[in-house]
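The sequence shown: position 147 = 146 (numbering that gives the first Met the number 0), numbered continuously.
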Amino acid sequence: MLVVRLILVFFKVGFFAFGGGWATVRLLQEELVIRGGFLSQEEFADLISVSQITPGPVAVNMATYLGNKLGGFMAAILCTLALVAAPLIIFSLLKKFSGWFSSFISPGRLDRALNLGAVVLIAGAALSVIESIRPNLSAVLVGLSAFIVIRTTRVSPLFVLVGGGIVGILLFST
Numbered sequence: 000m001l002v003v004r005l006i007l008v009f010f011k012v013g014f015f016a017f018g019g020g021w022a023t024v025r026l027l028q029e030e031l032v033i034r035g036g037f038l039s040q041e042e043f044a045d046l047i048s049v050s051q052i053t054p055g056p057v058a059v060n061m062a063t064y065l066g067n068k069l070g071g072f073m074a075a076i077l078c079t080l081a082l083v084a085a086p087l088i089i090f091s092l093l094k095k096f097s098g099w100f101s102s103f104i105s106p107g108r109l110d111r112a113l114n115l116g117a118v119v120l121i122a123g124a125a126l127s128v129i130e131s132i133r134p135n136l137s138a139v140l141v142g143l144s145a146f147i148v149i150r151t152t153r154v155s156p157l158f159v160l161v162g163g164g165i166v167g168i169l170l171f172s173t
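Shown next as structure tokens:
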């Protein structure tokens, strides 16, 4: 029953997650932590970390990892398929009825509206994650330093990530 609930959560998130990637994180937090009780806030922050360092889209990685953790290999496949099924259905329907739909709203206006919604979801997810990890001054300084290096130099983000990881290990390992 747990796996069926998890699959339905990922289908629902896939259905409402306009903007993909980080826009889905806030919805996943709502469904997995607040409503569903599948994870604590700390476990969710860890899930985000694991999903970021794994190649591929964050939400897909989250679905695969959590499905595997809570229900095994088959649950991982089903959760991932549930997440991507809804957008495929929506896209197919929009494509089929695009002429009729465009008589009500221009694609450009719809795109701008959905992008604005995605920005709000991403900001909400970022704030929730920051609140859950309760960063100290050292962590904030490492994060700001990494941001400044990436924005002002040509250093590869991969090197900044590795460097930040090394600094984090040195600062925070006990």
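We treat Cβ as the ideally placed atom computed from N, Cα and C, and that holds for glycine.
Between F43 and R108, what straight-line distance do the alpha-carbon atoms span, to the nearest angstrom?
-> Reading the sequence shown from its first residue, position 44 is the one you call residue 43. Reading the sequence shown from its first residue, position 109 is the one you call residue 108. Straight-line Cα distance between these residues: approximately 34 Å.
Determine contact between the region 112–124 and the region 21–35, defined as no fewer than three beta-carbon pairs at a distance below 8 Å.
-> yes
Run through DSSP, which three-state label would T152 get?
-> Against the sequence shown, residue 152 aligns to sequence position 153. Coil, per DSSP.
Would you grab the beta carbon distance between L170 and S137 for me? Rounded to a whole angstrom, and I think it's under 8 Å.
-> Taking the first residue of the sequence shown as 1, we reach residue 170 at position 171. Taking the first residue of the sequence shown as 1, we reach residue 137 at position 138. Right, the Cβ-Cβ distance comes to about 5 Å (below 8 Å), so this counts as a contact.
Could you say if the region 77–90 and the region 8–15 meet the contact criterion of at least three C-beta pairs nearer than 8 Å?
-> yes
Whole-angstrom Cβ separation of V166 and V159, contact assumed at under 8 Å?
-> Sequence index remark: in the sequence shown, residue 166 carries index 167 (1-based). Sequence index remark: in the sequence shown, residue 159 carries index 160 (1-based). Their Cβ separation, rounded to whole angstroms, is 10 Å, which puts V166 and V159 out of contact at 8 Å.
Ordered list of beta strand (DSSP E) runs contained in the region 11–53, each at least 3 residues | none
Backbone secondary structure at R238 - three-state DSSP | Since the first residue of the chain shown is 0 and the last is 173, residue 238 is not available in this structure.
Mind reading off the beta-carbon distance from T63 to A75? Whole number of angstroms is fine, and I expect it under 8 Å.
-> Here the question's residue 63 lines up with position 64 in the sequence shown. Here the question's residue 75 lines up with position 76 in the sequence shown. Sure, about 5 Å apart at Cβ, within 8 Å.
Beta-carbon separation (whole angstroms), Q40 vs V32, contact threshold 8 Å | Within the sequence shown, numbered from 1, the residue matching residue 40 stands at position 41. Within the sequence shown, numbered from 1, the residue matching residue 32 stands at position 33. The Cβ separation is near 6 Å, so the contact holds.
Simplified DSSP state of G142, which is helix, strand or coil = By one-based count along the sequence shown, residue 142 stands at place 143. Three-state result, G142: helix.
DSSP three-state assignment for R4, whether helix, strand or coil | Stepping through the sequence shown from its first residue, residue 4 is reached at position 5. Looking at R4 - three-state DSSP - the assignment turns out to be helix.
N-terminal and C-terminal residue of the alpha helix (DSSP H) that G70 is part of | The residue you call residue 70 lines up with position 71 of the sequence shown. Counting along the chain, the alpha helix (DSSP H) containing G70 begins and ends at V57 to G70.
Alpha carbon to alpha carbon, how far is R150 from L157? Give it in angstroms, no decimals.
-> One-based indexing of the sequence shown puts residue 157 at position 158. One-based indexing of the sequence shown puts residue 150 at position 151. Their Cα atoms are separated by approximately 13 Å.
Pull up the distance between the alpha-carbon of V154 and that of L140, whole angstroms please.
-> As a first step, residue 154 must be located in the sequence shown, where it is residue number 155. As a first step, residue 140 must be located in the sequence shown, where it is residue number 141. Between V154 and L140, the C-alpha separation is close to 18 Å.
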